[in-house]
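Participant: Take the sequence shown: its letter number 5 is residue 5 in the numbering used here, and every next letter is one higher.
Glycine included, each C-beta is placed from N, C-alpha and C at the ideal position.
I am attaching a structure below and will ask some questions about it afterwards.
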Amino acid sequence: MPQREPAKQTATPATIAQQALARMTLEQKVGQVFMLGFEGTTVNASNKALIQGLHLGGVTLFARNIDNGPQLARLDAELQTIADPLPLFISVDQEGGLVVRVTDGATIFPGNMAVGATGDPTLAKKVAEASANELLAMGVNMDLAPVVDVNTNPLNPVIGVRSFGSNVDLVSQFGTETIEGVQSSGVSAVAKHFPGHGDTDVDSHRDLPVVPHPLDRLQSLEFLPFKSAMQAGVDGIMTAHLYLPAIELQHDLPATLSRTVLTGLLRDQLGYQGLILTDALDMDAIKKDRTAAEAAVQAFEAGADMLLIAGITAEDRLHLGDGPPALLAAVRSGRVSQARLDASVSRILEAKAKRGILPGAVAAPTPPDVSVLNSPEHRALALEVARKAVSVQRDTAGLLPINPAYRVLVVEADAPTRSDVVDDQLAGSLLDAVRQYAPSTFGASPRTAPTAAQSADLIVFGTFDLAQHPEQQALARSLASTGKPVVAVGLRGPYDAAVATEIGTFLTVYGDRPVHLQAAADALFGRLTATARAP
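Here it is as structure tokens:
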């Protein structure tokens, strides 16, 4: 009988990683652990020097780098041509809802809490797959999402509707579906913000939050979605810049810089073997007590694998290149061992090999054509989620549906900027959404609204995080006292209804992007039956 040829053995991601590691210089290894932001929308001379000169392992992109989807695709292709010595992780925060980096030419999907409110985890996976396909078409191979923090604090200034909700089981399930959707499309997912940012009342972009809970509470709530993410095979977990006194004995040491948290807890106790990425090391919670370069060394000592420096401010961007030399010096001095460096670089290279970014182990995913960007199918999916997310929290006044013949006054509270991570330029117009069904609709500013209400049959009041804004609470009372019927539409989380008790009809749509406002109008005028419950 003829002899069969032995089957070809495909190299594993681990083998490919070790082969690449063996060819790298010390400087290249150090560069591989850094993921930096940069200025501008092109690969100019300074950006090329930054990426090639420091041998970066990754870059992270912000609105300042992105004009539109096709431009981003060109930029990312050029970034990979100058990568040295290995292809880059190219990352963005494309969470959906409030936090998106690609806005022009890409589908703006509803955020996590809207998805959670649908009660349908299959929609989470569909949205994740669609969003990841768009990212892949633009050359992005890592999404710094999903947020799997459990938002148990209604006053949380930085998470809120970025979370799937306040129920830990729901957050775990929807987080897992999102991770599977992103990664099945060939994009790395990163669950954040470990060990849990959901019960904070301080924005870590501005100061250091403290999570005061005992260990048993943390184990039964905050940690659980991350354990589910690990079981789902998430490629990366991002750290949180917050202090956990129940775990870290050094006062006010952020989790990102804590060996007890990153190595003792995440690696050793929870058994996580994937990538640990830091949140941006130039956020105020970190840099108020140290430079981003020194923070990079401390985070690496703590157990982080990839060190993210975003260049948040113009001053920060002057120091983007300071981190790699600082870590290189730490390795050369013996402060950081070469074995420790090799361990992190191996994880990074293995993650790249697993996604086909580093060739040899698996075929790289074929990027979809840019025609997938903001496609009719994806826009329809975004609207489907927004419509299924509408939660009528009460209608004791019996005002729904609104009579389209009414002269409706629309008043939107001034939208607050919740955090430095939020892009407030994408908000739609509640006035326009309502007017499509009630042609006599008109608008007024918060200042003039009580007077304007006298000529209205009904008031529609759009709210944003009422509990955090006393001026909105005063406006709610003022509108309720006009004697006109008032319908409130919560344009963030489901918490406003408990604050504005004087308003008898309250529905929540979890965002102010155009799809949310269309869904709100549909619900207000009986074009959909709202069945969602606040998550």
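Between the C-alpha atoms of phenylalanine 38 and asparagine 47, what's the straight-line distance to the nearest angstrom?
Facilitator: 7 angstroms
Participant: Buried or exposed for lysine 287, please, with buried defined as at least 16 other CB atoms from any protein chain shown within 10 angstroms of its CB.
Facilitator: buried
Participant: Looking only at C-alpha atoms, which of Asn167, Asp149, Lys29 sits nearest to isoleucine 159?
Facilitator: Minimum Cα distance to isoleucine 159 is reached at Asp149.
Participant: From which residue to which residue does the beta strand (DSSP E) around arginine 394 run?
Facilitator: Here the beta strand (DSSP E) through arginine 394 covers 391-395.
Participant: Within 8 angstroms, do at least three Cβ pairs link the segment 115-122 to the segment 84-94?
Facilitator: no
Participant: For aspartate 522 and alanine 480, what's the separation of their Cα atoms in angstroms?
Facilitator: 23 angstroms
Participant: Closest to glycine 186 by C-alpha separation, out of Val489, Asn403, Ala364, would be which residue?
Facilitator: Minimum Cα distance to glycine 186 is reached at Ala364.
Participant: Output the boundary residues of the alpha helix (DSSP H) element that contains lysine 227.
Facilitator: 224-231
Participant: Within this structure, are the beta carbons of proline 110 and alanine 389 separated by less than 8 angstroms?
Facilitator: yes
Participant: On the three-state DSSP scale, how would you describe valine 515?
Facilitator: helix
Participant: If we count Cβ pairs, one from each stretch, closer than 8 angstroms, do we get three or more for the segment 92-109 versus the segment 125-134?
Facilitator: Yes, the segment 92-109 is in contact with the segment 125-134.
Participant: Can we say the segment 228-238 touches the segment 170-180, given the rule of at least three CB pairs closer than 8 angstroms?
Facilitator: yes
Participant: Give the secondary structure of arginine 418 by DSSP, where H, G and I count as helix, E and B as strand, and everything else as coil.
Facilitator: Only weak support is given to the placement of arginine 418: the predicted model assigns it a pLDDT of 47, under 50, and the value that follows is read from those uncertain coordinates. Looking at arginine 418 - three-state DSSP - the assignment turns out to be coil, as it is neither helix nor strand.
Participant: Does leucine 50 come out as helix, strand or coil in the three-state DSSP assignment?
Facilitator: helix
Participant: Please go through the segment 236-285 and give each complete beta strand (DSSP E) segment of 3 or more residues, from N-terminal end onward.
Facilitator: 236-239, 275-277
Participant: Between leucine 383 and the rest of its own chain, which residues show a CB-CB distance below 8 angstroms, the 5 nearest in sequence each way excluded?
Facilitator: Excluding the 5 residues flanking it on each side, leucine 383 has same chain C-beta neighbours closer than 8 angstroms at Val515, Gln518, Ala519, in chain order.
Participant: Do valine 161 and methionine 113 have their beta-carbon atoms positioned less than 8 angstroms apart in this structure?
Facilitator: yes
Participant: Take valine 190 as the anchor and find which of Thr239, His197, Pro209, Pro212 has the nearest alpha-carbon.
Facilitator: Thr239
Participant: From this set, Val460, Ser204, Leu277, Thr10, which residue's C-alpha is nearest valine 345's C-alpha?
Facilitator: Leu277
Participant: Mind checking leucine 215: buried by the 16 CB within 10 Å criterion, or exposed?
Facilitator: Exposed.
Participant: With respect to the beta strand (DSSP E) encompassing alanine 191, which residues constitute its N-terminal and C-terminal limits?
Facilitator: Its beta strand (DSSP E) spans residues 188-194.
Participant: Could you tell me which whole alpha helix (DSSP H) segments of length 4 or greater appear in the segment 26-104?
Facilitator: Taking only runs of at least 4 residues, the alpha helix (DSSP H) segments lying wholly in the segment 26-104 are 26-32, 45-53, 69-82.
Participant: Have a look at arginine 74 and leucine 373 and give me their C-alpha separation to the nearest angstrom.
Facilitator: The alpha-carbon of arginine 74 is positioned some 14 angstroms away from that of leucine 373.
Participant: Can you give me the C-alpha to C-alpha distance between leucine 431 and aspartate 199, rounded to a whole angstrom?
Facilitator: 34 angstroms
Participant: Taking only the alpha-carbon atoms, compute the straight-line gap between valine 202 and arginine 527 and give it to the nearest angstrom.
Facilitator: 39 angstroms
Participant: For the segment 455-464 against the segment 479-498, do three or more pairs of beta-carbon atoms, one drawn from each stretch, fall closer than 8 angstroms, so that the two count as touching?
Facilitator: Segments in contact, yes.
Participant: Which value, in whole angstroms, describes the spacing of the CA atoms of methionine 306 and methionine 35?
Facilitator: 7 angstroms
Participant: Are the CB atoms of alanine 449 and valine 499 nearer to each other than 8 angstroms?
Facilitator: no
Participant: Just to confirm my understanding: we take arginine 206, look at its own chain, exclude 5 residues before and 5 after, and list those with CB closer than 6 angstroms. What are they?
Facilitator: Correct list, in chain order: Asp284.
Participant: Please tell me whether proline 195 and valine 261 are closer than 8 angstroms, where the distance is taken between their beta carbons.
Facilitator: yes
Participant: Between the C-alpha atoms of asparagine 167 and glycine 274, what's the straight-line distance to the nearest angstrom?
Facilitator: 26 angstroms
Participant: Compare the C-alpha of glycine 105 against each of Ala137, Gly443, Pro146, Pro324 and name the closest.
Facilitator: Ala137
Participant: Cβ of alanine 476 within 8 angstroms of Cβ of glutamate 502?
Facilitator: yes
Participant: Scan the segment 300-374 and note each continuous alpha helix (DSSP H) run of 4 residues or more that stays entirely inside, going in chain order.
Facilitator: 314-317, 323-333, 338-354
Participant: Which word fits proline 376, buried or exposed, when buried means at least 16 other C-beta atoms lie within 10 angstroms of its C-beta?
Facilitator: The residue is exposed, with fewer than 16 neighbouring Cβ atoms inside 10 Å.
Participant: Shortest alpha-carbon distance to lysine 126 belongs to which of Glu301, Leu381, Asp414, Ala145?
Facilitator: Leu381
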